[in-house]
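As they're listed, the protein sequences go chains A and B. Each residue of the first sequence is one higher than the one before, starting from 1 at the first, in this note's numbering. Each residue of the second sequence is one higher than the one before, starting from 1 at the first, in this note's numbering. Virtual Cβ for every residue (Gly too), placed ideally from N, Cα, C. Everything on this sheet refers to the single structure shown next.
2 protein chains.
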Amino acid sequence: MSREYRYQRLETWLLDGIAGKRWAVGERLPSVREMCAEQQLSKATVLHAYQRLEARGLVEARPKSGYFVLPNTATRAVPLTGSDTVVAPAPVTVSDVVMDVMSRGAAFDILAGLQAQRRPAQSFSEQASLDENIAEASNAGIMALNRSVGRALRSQTANAHHYYDEPAGDNVLREQLAQRYRRYGCERSAEDFCITAGCQQSLFLALMVSCQRGDIVAVESPGFYGVLQLLEQLGLQVVEIPASPVTGLDADSLARALQQWDIRACVVTPAYATPTGANLPLATRKKLLLLAEQYDMALIEDDIYGELGFLGRPDPLKAEDKTGRVILCSSFSKSLSRDLRVGWIDAGRWHNQVKRLKLVTLLASSRFVQQGLASFLKDGGYDTHLRRQREQLRLQRDQLVNFLDEHWAADIRFSVPEGGVAMWLQLPEAVDTLAAYGAALSKGVVITPGSLFSSSDHYRNCLRLSFLHPLTRARQDALKTLMGVLSH
Amino acid sequence: MSREYRYQRLETWLLDGIAGKRWAVGERLPSVREMCAEQQLSKATVLHAYQRLEARGLVEARPKSGYFVLPNTATRAVPLTGSDTVVAPAPVTVSDVVMDVMSRGAAFDILAGLQAQRRPAQSFSEQASLDENIAEASNAGIMALNRSVGRALRSQTANAHHYYDEPAGDNVLREQLAQRYRRYGCERSAEDFCITAGCQQSLFLALMVSCQRGDIVAVESPGFYGVLQLLEQLGLQVVEIPASPVTGLDADSLARALQQWDIRACVVTPAYATPTGANLPLATRKKLLLLAEQYDMALIEDDIYGELGFLGRPDPLKAEDKTGRVILCSSFSKSLSRDLRVGWIDAGRWHNQVKRLKLVTLLASSRFVQQGLASFLKDGGYDTHLRRQREQLRLQRDQLVNFLDEHWAADIRFSVPEGGVAMWLQLPEAVDTLAAYGAALSKGVVITPGSLFSSSDHYRNCLRLSFLHPLTRARQDALKTLMGVLSH
Numbered sequence: 001m002s003r004e005y006r007y008q009r010l011e012t013w014l015l016d017g018i019a020g021k022r023w024a025v026g027e028r029l030p031s032v033r034e035m036c037a038e039q040q041l042s043k044a045t046v047l048h049a050y051q052r053l054e055a056r057g058l059v060e061a062r063p064k065s066g067y068f069v070l071p072n073t074a075t076r077a078v079p080l081t082g083s084d085t086v087v088a089p090a091p092v093t094v095s096d097v098v099m100d101v102m103s104r105g106a107a108f109d110i111l112a113g114l115q116a117q118r119r120p121a122q123s124f125s126e127q128a129s130l131d132e133n134i135a136e137a138s139n140a141g142i143m144a145l146n147r148s149v150g151r152a153l154r155s156q157t158a159n160a161h162h163y164y165d166e167p168a169g170d171n172v173l174r175e176q177l178a179q180r181y182r183r184y185g186c187e188r189s190a191e192d193f194c195i196t197a198g199c200q201q202s203l204f205l206a207l208m209v210s211c212q213r214g215d216i217v218a219v220e221s222p223g224f225y226g227v228l229q230l231l232e233q234l235g236l237q238v239v240e241i242p243a244s245p246v247t248g249l250d251a252d253s254l255a256r257a258l259q260q261w262d263i264r265a266c267v268v269t270p271a272y273a274t275p276t277g278a279n280l281p282l283a284t285r286k287k288l289l290l291l292a293e294q295y296d297m298a299l300i301e302d303d304i305y306g307e308l309g310f311l312g313r314p315d316p317l318k319a320e321d322k323t324g325r326v327i328l329c330s331s332f333s334k335s336l337s338r339d340l341r342v343g344w345i346d347a348g349r350w351h352n353q354v355k356r357l358k359l360v361t362l363l364a365s366s367r368f369v370q371q372g373l374a375s376f377l378k379d380g381g382y383d384t385h386l387r388r389q390r391e392q393l394r395l396q397r398d399q400l401v402n403f404l405d406e407h408w409a410a411d412i413r414f415s416v417p418e419g420g421v422a423m424w425l426q427l428p429e430a431v432d433t434l435a436a437y438g439a440a441l442s443k444g445v446v447i448t449p450g451s452l453f454s455s456s457d458h459y460r461n462c463l464r465l466s467f468l469h470p471l472t473r474a475r476q477d478a479l480k481t482l483m484g485v486l487s488h
Numbered sequence: 001m002s003r004e005y006r007y008q009r010l011e012t013w014l015l016d017g018i019a020g021k022r023w024a025v026g027e028r029l030p031s032v033r034e035m036c037a038e039q040q041l042s043k044a045t046v047l048h049a050y051q052r053l054e055a056r057g058l059v060e061a062r063p064k065s066g067y068f069v070l071p072n073t074a075t076r077a078v079p080l081t082g083s084d085t086v087v088a089p090a091p092v093t094v095s096d097v098v099m100d101v102m103s104r105g106a107a108f109d110i111l112a113g114l115q116a117q118r119r120p121a122q123s124f125s126e127q128a129s130l131d132e133n134i135a136e137a138s139n140a141g142i143m144a145l146n147r148s149v150g151r152a153l154r155s156q157t158a159n160a161h162h163y164y165d166e167p168a169g170d171n172v173l174r175e176q177l178a179q180r181y182r183r184y185g186c187e188r189s190a191e192d193f194c195i196t197a198g199c200q201q202s203l204f205l206a207l208m209v210s211c212q213r214g215d216i217v218a219v220e221s222p223g224f225y226g227v228l229q230l231l232e233q234l235g236l237q238v239v240e241i242p243a244s245p246v247t248g249l250d251a252d253s254l255a256r257a258l259q260q261w262d263i264r265a266c267v268v269t270p271a272y273a274t275p276t277g278a279n280l281p282l283a284t285r286k287k288l289l290l291l292a293e294q295y296d297m298a299l300i301e302d303d304i305y306g307e308l309g310f311l312g313r314p315d316p317l318k319a320e321d322k323t324g325r326v327i328l329c330s331s332f333s334k335s336l337s338r339d340l341r342v343g344w345i346d347a348g349r350w351h352n353q354v355k356r357l358k359l360v361t362l363l364a365s366s367r368f369v370q371q372g373l374a375s376f377l378k379d380g381g382y383d384t385h386l387r388r389q390r391e392q393l394r395l396q397r398d399q400l401v402n403f404l405d406e407h408w409a410a411d412i413r414f415s416v417p418e419g420g421v422a423m424w425l426q427l428p429e430a431v432d433t434l435a436a437y438g439a440a441l442s443k444g445v446v447i448t449p450g451s452l453f454s455s456s457d458h459y460r461n462c463l464r465l466s467f468l469h470p471l472t473r474a475r476q477d478a479l480k481t482l483m484g485v486l487s488h
């Protein structure tokens, strides 16, 4: 953090204040003069921070009056192009581009695989050395994790390899998970969890137990393509519910859809949903839970980004679940490592079915990995890592926002999420990001076109951009290359 | 092997001779006198060995003539009680006992979990010290494997945790697999394989891509309960095809079933099928491949015991597959460790669908585990381990056979497999092993009742017994306890 500029620190402090309601929507921020005196900062620094907030669409500058807090606290207003109406349920067909994107590590990196995994050649520049520092801090956590898993591997009893893991997974790890979720308002115990091979497998299990072939499932639009893929493979029908880049799934649209169709499950990402980074307000959460009860519908909660909130960890939807209709799905892939292949599911009323289905389709999970993880959690290594990881992601989000502000055309709009790993970018109507996929790839740039996030023909002029990786020179160049490709 | 008795060495040599056709079916073995002279052994030793072969049902003693080789070279004749006719396809319903058994590590150990994982208290007795020696030799392989996986874990590049494994799995590991299968007559390359989370997941993928809900699947009877469970969960119908404890699935019965019903897939375990340990003769293999082509049916080959042949590794069915209709499924769980959670599938014409479905339901596998495994294979660690493991399993099979011969009632019959980890035991008609499950469990004995291996009401008087673990005093006591329970 030592490399953070004064204006950035002020900006962060202001953001926290806005998010924490120190200044309500419509309220005036302290004047530049007041702020200079209060924070012992130069006028240039304060102005820079205020203008950045304005550029993000968080505050509005009123001539001669000052800066006022705008309603959408964490985004430029990204309109919902093309999906403000709900289309009748239909089978899912997703283009092969999704498979290509998924096979390239879900395209959280704009650089194609091999290129990205090499350390950047520009590591002597100031920017790159900052990136390295950030990366080192975060890697310290991974190294500690690996030591923990390595210890578990070495300490396995001699003939442990003759036995399978218990069907629900390692009990110590499940106890650790239960403890974490109790912090976030969920009254859960180890027995409520079932360990899986990752969040994607949890979502698969959730859909398998709550739906039958041909059933209708509601999803966010734009929403995670992995879910659309699952629906397609399981022969389920999809109804896409409009989701705001700021406040996520629109509960009123869902209510109307429920009146029309027999929707058996709704997949929702309450915290930092991909691709937008939206966060469900409390009121929406309550509405969703009521609808689930009213229509006897499963709420499949994708909680994979929950731990990555820059301003704290929002309570999961599961915390308010009184009737066991929320199926909580998550994993360590986004918050810790994609290589552990350990996720979990808390399936409420479907718990026994899930346990059975997991046993039958997967048999077991790796015990030493679970044991290593459990120790890592118990020793506080995970919390330490999360603090660094969130800080790093916030810095990287800022790098990306700044870069877009400075280098990209003025007519783009994007969300500025307060957590997660990605933002949603809207380009002028004429741009077709799906059509540009191949051209970008041929120049070593992997993009996730907006169309992937819907099974209808929406979001052709949109794009998900990730800030999971430091914005090295190589990635800046890739973004510039992409700009060139998209402007043709 | 230093602890092996002379009669055991002779018996092994004779077994090899019979299996290798040194003496054909119906031929007379050398007389006791000839054998004594030839092998420099006492008459008692030779007689002991001959009588053991007789007890196994491998040779027949004809008064005044000598010992003659019998037709079934690797078993006591275990009749197919109750399943010699094919019953019409039906949905699968399997009792909760299966879930209980699966949750107890698939009951390859007659001792309940915790008890078994403790080292036996009787380790000072001669028998136990023999077991320990055997176990140590096998554990050396596991320790080497763990070192290899640990090295892979430590050598991961700093930010590797940000990337998912490639969809088909680690390329080096797939190349190693392809090389192994080329040894066994399969002309395969790394591109033909997809890494999975174990054989059970491979079977799941195979059924998902080759069948649709409601389709009919043929299975061996008796056959693996994990497959019956999968069929139930996927809403598939089962038709059980009689399988001999010696020669496995009866191809003629399958042919008749195919004339009657539209069977989309047949799950078959050509090598050391559980529960019997049967091995498909070449003629049956050829018939199966012809039927698959004639009826456009998928042959799902469960190859999980293939590497555990005491007299060598039988070629997989896949070796003869010219039309891509064989889906080869396997893993390292039986031959190496159940805790790796690494399996594979070579799905022939369904390869792309499998890759896609794996990506969508599991996303990825753990790279460091795959890398560690790949090195272990490359360095020859796996082959060394397999040699020890087969030797150990053969000794343990003999321990179990001897124990049954000496301690159990004369009216039992059992198969004596030449590979794998389990044998099939048939008790008198009146015995109900399923009913005895609870009573046995209450005394710390876990059994796998015969009924689990069929979805009809067959095999109530049968039992699978495993020789995966050394027959320690504790396990001998458990077997005696079981005898008591079953005789009530």
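Worksheet item: Who are the near neighbours of K378 of chain B in its chain, counting only those whose CB is closer than 7 Å to its CB and skipping five residues on each side?
Response: Correct list, in chain order: Q176.
Item to complete: Look at Q396 of chain A and L471 of chain A and say whether their C-beta atoms are less than 8 Å apart.
Response: A contact, by the Cβ cut-off of 8 Å.
Practice prompt. Could you run through the region 230-259 of chain B and flag, in chain order, every residue whose CB is less than 7 Å away from some CB of chain A?
Written response: Those would be L230, Q233, in chain order.
Worksheet item: Cα separation between N139 of chain B and C266 of chain B?
Response: Their backbone Cα atoms lie some 36 Å apart in a straight line.
Worksheet item: When you compare only the Cα positions, how much space is there between L441 of chain B and S466 of chain B?
Response: CA-to-CA, the gap between L441 of chain B and S466 of chain B works out to about 16 Å.
Practice prompt. With distances taken Cα to Cα, identify the nearest neighbour of G26 of chain B among B:T284, B:L58, B:E187.
Written response: Sorting B:T284, B:L58, B:E187 by C-alpha distance to the C-alpha of G26 of chain B places B:L58 at the top.
Discussion item. Which residues does DSSP list as the beta-bridge partners of C186 of chain A?
Written reply: According to DSSP, C186 of chain A bridges with nothing at all.
Worksheet entry | Inter-residue spacing [alpha-carbon to alpha-carbon] between W13 of chain A and G20 of chain A | W13 of chain A and G20 of chain A have their C-alpha atoms roughly 10 Å apart.
Discussion item. Between the alpha carbons of N279 of chain B and Q370 of chain B, how many angstroms are there, rounded?
Written reply: So the two alpha carbons sit approximately 30 Å from each other.
Fill in: Cα-Cα separation between G438 of chain A and M483 of chain A, rounded to whole angstroms
Approximately 14 Å, taken between the alpha carbons.
Worksheet item: According to a CB-to-CB cut-off of less than 8 Å, which residues of the region 340-369 of chain B neighbour chain A?
Response: Residues passing the 8 Å Cβ filter: L340, R341, R356, L357, L359, V360, T361, L362, L363, A364, S365, S366, R367, F368, V369.
Practice prompt. State yes or no: is the beta carbon of G198 of chain B nearer than 8 Å to at least one beta carbon in chain A?
Written response: At least one chain A Cβ lies under 8 Å of G198 of chain B.
Worksheet item: Which residue from A:R464, A:H469, A:A24, A:S487 puts its Cα closest to that of P245 of chain A?
Response: The alpha carbon of P245 of chain A has as its nearest neighbour, out of A:R464, A:H469, A:A24, A:S487, the alpha carbon of A:R464.
Worksheet item: Secondary structure at T448 of chain B, three-state DSSP: helix, strand or coil?
Response: Three-state result, T448 of chain B: strand.
Practice prompt. Give the residues of chain B in contact with S103 of chain A, contact being defined as C-beta atoms less than 8 Å apart.
Written response: Within 8 Å Cβ-Cβ: E166, P167, L359.
Item to complete: Indicate whether at least one CB of chain A lies closer than 8 Å to the CB of L153 of chain B.
Response: At least one CB of chain A lies nearer than 8 Å to the CB of L153 of chain B.
Discussion item. Please report the distance separating the alpha-carbon of L228 of chain B from that of S337 of chain A.
Written reply: Rounded to whole angstroms, L228 of chain B to S337 of chain A spans 35 Å at the Cα level.
Item to complete: Taking only beta-carbon positions, decide if N146 of chain A is within less than 8 Å of chain B.
Response: At a cut-off of 8 Å between beta-carbon atoms, N146 of chain A makes contact with chain B.
Item to complete: Figure out for me which residue from B:G348, B:V268, B:E38 has the closest Cα to the Cα of D192 of chain B.
Response: Looking at the Cα atoms, B:G348 is the closest of the given residues.
Fill in: Residues that I110 of chain B bridges to, as DSSP identifies them
In DSSP, I110 of chain B forms no bridge with anything.
Worksheet entry | Cβ distance (whole Å) where V342 of chain A is taken to contact S365 of chain A below 8 Å | S365 of chain A and V342 of chain A do touch by the CB rule: their CB atoms are close to 7 Å apart, below 8 Å.
Worksheet item: Looking at the structure shown, is L463 of chain A part of a helix, part of a strand, or coil, going by DSSP?
Response: Strand at L463 of chain A.
Item to complete: Can you tell me which of B:V431, B:W424, B:G66 puts its alpha carbon nearest to the alpha carbon of H488 of chain B?
Response: Nearest option by C-alpha distance: B:V431.
Worksheet item: Short check: CB of Q206 of chain B to CB of I304 of chain B, under 8 Å?
Response: Position check: residue 206 of chain B holds Ala in this sequence, whereas Gln was assumed. Contact: no.
Worksheet item: In chain order, what residues of the same chain lie with their CB nearer than 8 Å to the CB of A24 of chain A, ignoring the 5 residues before and after it?
Response: Result list for A24 of chain A: V69, in chain order.
Practice prompt. Name the two residues that bound the continuous beta strand (DSSP E) containing G66 of chain A.
Written response: 66-69 is the extent of the beta strand (DSSP E) around G66 of chain A.
Worksheet item: Considering only the beta carbon of each residue, do I216 of chain B and W261 of chain B sit closer than 8 Å?
Response: Their beta carbons are under 8 Å apart, which means I216 of chain B touches W261 of chain B by this criterion.
Fill in: Straight-line Cα distance separating W350 of chain B from K318 of chain B
If you take the alpha carbons of K318 of chain B and W350 of chain B, they lie about 14 Å apart.
Item to complete: Compute the beta-carbon to beta-carbon distance between G277 of chain B and G420 of chain B, rounded to the nearest angstrom, for a pair I have assumed lies under 8 Å.
Response: Right, the Cβ-Cβ distance comes to about 5 Å (below 8 Å), so this counts as a contact.
Worksheet entry | Under 8 Å between C-beta atoms of E320 of chain A and K286 of chain A | Yes. Within cutoff.
Worksheet item: chain B partners of F204 of chain A, CB-CB under 9 Å?
Response: V360, T361, L362, listed in chain order.
Discussion item. Quick check on R387 of chain A: does DSSP put it in helix, strand or coil?
Written reply: The answer is helix: DSSP assigns R387 of chain A an H, G or I state.
Practice prompt. Out of A:R460, A:L249, A:I263, A:V209, state which residue places its alpha-carbon closest to the alpha-carbon of P449 of chain A.
Written response: Among A:R460, A:L249, A:I263, A:V209, the Cα nearest to that of P449 of chain A belongs to A:R460.
Discussion item. As an exercise, report each continuous beta strand (DSSP E) stretch of at least 3 residues that is fully enclosed by the region 232-289 of chain A, in chain order.
Written reply: Within the region 232-289 of chain A, the complete beta strand (DSSP E) runs of at least 3 residues are 237-244, 263-268, 271-273.
Practice prompt. Would you mind stating whether D411 of chain A and P428 of chain A have Cβ atoms separated by less than 8 Å?
Written response: A contact, by the Cβ cut-off of 8 Å.
Discussion item. Just to confirm, is the Cβ distance from I345 of chain A to C194 of chain A under 8 Å?
Written reply: One thing to note: I345 of chain A has its Cβ within 8 Å of the Cβ of C194 of chain A.
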